[in-house]
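Residue numbers (the numbering used here), protein chains in the order written: chain A, 4 to 221; chain B, 5 to 227. We treat Cβ as the ideally placed atom computed from N, Cα and C, and that holds for glycine. To start, the structure itself, in structure tokens.
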């Protein structure tokens, strides 16, 4: 009787195509990934049918469900310049070089002026706790901090654009600064209106309300 | 596992007899594991849905009373949004103390949208026919420059049609405790139904009294 010869080695499967595909996808995701910055509040924005994308160059005011106001403007250099202008407007704001540098790297911020220094020198954990407690940036006309942030942010944006060789008349359309308001669906309109009123005082009338795309028909 | 096969040539004649080489094997498992770990991470960390936005242009400070007298009664529709989701109403024309009644409505497909489409029928029809024309002309044109010209021209035409002096005017009235999502919903409905003449205003006490108790209205400090 002759024995059937069994192959000695373990059956091998050529995985090369799969690995190739895996790496292709990894490369794709690495290159296209844009990390979501650490946001101090989570906001559930309302749904709408608009398919307009949020513009790139945008100053974003976030209003959470309790009506607390947070301010955000992207760009390290712009943020640094904005903080400089803010310090000029509020001489009581004393920041060390280190804190200013930290501010430039941070994202959204909802600290009133008198807490800002403490917030910036804190470590990440304390900062999260402070974010949870903060009353938000004051919008009332007495303190007017939000208005100053908007003004400083706008000036810093324009200064930055000019530094990049843009004439003031060219800063329009896609290149202009847009204003987005990201409010939670359950926020009282009163709170959003306060923010809009601050903008209107600054002669800004056009806003982008951040929404998500409505899925299907209601 | 994958294997790397070394050397292409066979055993030539006359050469020295070399020991037969077995293909060099490399264990790729750890690398593949890492690759898929990264892949999973990036898939999960990427936010797929980019935020969308709704553009709203607020008017410069206007004197409410003066503005309202200028409006033609027949063209005005007021949407009243209360505190809860079921307090969505509308009425046509000017507010009259005894005769004005609030019609309850909602933001569903058969709610405000039907009413607004009916009100704005003429404009919607015009805009639709303009859009059809635009599509026709785009089909005929060959160059990109022509396309742009056509698009620009129709954009102006559509804007003119929407701002027609006989187009209805919609006022959205809000209370301090109106929820933001309902305001966005209302504006979204106006966009869907092509109502370009619109305003957001504070609700008046007499309007709120139609669906709220006097105590509640006093508490809200409405004018």
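Leaving aside the five residues before and after residue i along the sequence, list all residues of the same chain whose C-beta is less than 7 Å from its C-beta, in chain order.
i	result
residue 100 of chain B	none
residue 52 of chain A	217
residue 127 of chain B	165, 166, 168, 171 and 198
residue 63 of chain B	203
residue 105 of chain A	123
residue 197 of chain A	142
residue 108 of chain A	79
residue 208 of chain B	226 and 227
Given that a residue counts as buried once 16 or more other Cβ atoms are within 10 Å of its Cβ, and exposed if not, what is residue i?
i	result
residue 201 of chain A	buried
residue 186 of chain A	buried
residue 63 of chain A	buried
residue 34 of chain B	exposed
residue 137 of chain A	buried
residue 89 of chain B	exposed
residue 31 of chain A	exposed
residue 155 of chain A	buried
residue 142 of chain A	buried
residue 201 of chain B	buried
residue 59 of chain A	exposed
Using C-beta distances below 6 Å, list every residue in its chain close to residue i, excluding the 5 sequence neighbours before and after it, in chain order.
i	result
residue 174 of chain A	164
residue 49 of chain A	188 and 214
residue 67 of chain A	44, 46 and 187
residue 77 of chain B	97 and 98
residue 153 of chain A	205
residue 79 of chain B	172 and 173
residue 225 of chain B	none
residue 4 of chain B	Examination of residue 4 of chain B is not possible in this model, given that chain B is present from 5 through 227 alone.
If you draw a straight line from the alpha carbon of residue i to that of residue j, how long is it in whole angstroms?
i	j	result
residue 99 of chain A	residue 71 of chain A	27 Å
residue 75 of chain A	residue 186 of chain B	25 Å
residue 112 of chain A	residue 176 of chain A	27 Å
residue 221 of chain B	residue 212 of chain B	7 Å
residue 175 of chain B	residue 131 of chain B	22 Å
residue 114 of chain B	residue 122 of chain B	12 Å
residue 3 of chain A	residue 61 of chain A	No information on residue 3 of chain A is available, as it lies outside the stretch 4 to 221 that chain A covers here.
residue 139 of chain A	residue 149 of chain A	10 Å
residue 24 of chain A	residue 31 of chain B	18 Å
residue 46 of chain B	residue 38 of chain B	12 Å
residue 19 of chain A	residue 41 of chain B	17 Å
residue 120 of chain A	residue 126 of chain A	12 Å
residue 193 of chain B	residue 79 of chain A	38 Å
residue 3 of chain A	residue 161 of chain A	A question about residue 3 of chain A goes unanswered here, because the residues of chain A that appear run from 4 up to 221.
residue 147 of chain B	residue 57 of chain A	30 Å
residue 219 of chain B	residue 190 of chain B	27 Å
residue 108 of chain B	residue 69 of chain A	28 Å
residue 184 of chain B	residue 77 of chain A	25 Å
residue 188 of chain B	residue 87 of chain B	14 Å
residue 117 of chain A	residue 84 of chain B	40 Å
residue 36 of chain A	residue 49 of chain B	8 Å
residue 153 of chain B	residue 119 of chain B	35 Å
Within 8 Å of any Cβ in chain A, is that where the Cβ of residue i sits?
i	result
residue 94 of chain B	no
residue 228 of chain B	Because chain B in this structure spans residues 5 to 227, residue 228 of chain B falls outside the shown range and cannot be described.
residue 181 of chain B	yes
residue 12 of chain B	Caution is warranted here: a pLDDT of 47 is assigned to residue 12 of chain B, below 50, making its placement in the model unreliable, and the coordinate value is therefore given only provisionally. False, the Cβ-Cβ gap to chain A never drops below 8 Å.
residue 187 of chain B	yes
residue 39 of chain B	yes
residue 32 of chain B	yes
residue 215 of chain B	no
residue 49 of chain B	yes
residue 175 of chain B	no
residue 5 of chain B	Because the pLDDT of residue 5 of chain B is 48, which lies under 50, any placement of that residue in the model is unreliable, and the question is left without a value.
Give a yes or no on whether the minimum CB-CB distance between residue i and chain B is below 8 Å.
i	result
residue 49 of chain A	yes
residue 114 of chain A	no
residue 59 of chain A	no
residue 53 of chain A	yes
residue 209 of chain A	yes
residue 62 of chain A	no
residue 267 of chain A	Shown here, chain A extends from 4 to 221; a query on residue 267 of chain A therefore has no answer.
residue 18 of chain A	yes
residue 89 of chain A	no
residue 188 of chain A	yes
residue 191 of chain A	yes
residue 45 of chain A	no
residue 71 of chain A	no
Among the residues of its own chain, which have a CB less than 8 Å from the CB of residue i, if the five just before and after it don't count?
i	result
residue 210 of chain A	182, 183, 184, 199 and 202
residue 195 of chain B	58
Quick one: complete alpha helix (DSSP H) runs, 4+ long, within the region 89-173 of chain A?
Complete alpha helix (DSSP H) runs here, min 4: 100-108, 116-124, 127-136 and 148-166.
At what residue ranges does the region 118-149 of chain B contain a whole run of the alpha helix (DSSP H), taking only runs of 4 or more?
Here the runs fully enclosed are 125-144.
Starting from the N-terminal side, write out each stretch of the alpha helix (DSSP H) that is 4 residues or longer and does not extend beyond the region 37-112 of chain B.
List check, alpha helix (DSSP H) in window: 68-74.
List in chain order: all unbroken alpha helix (DSSP H) runs of 4+ residues lying wholly within the region 175-225 of chain B.
Within the region 175-225 of chain B, the complete alpha helix (DSSP H) runs of at least 4 residues are 184-196, 209-212 and 218-224.
Minimum length 4: unbroken alpha helix (DSSP H) runs contained in the region 12-56 of chain A
Within the region 12-56 of chain A, the complete alpha helix (DSSP H) runs of at least 4 residues are 19-35.
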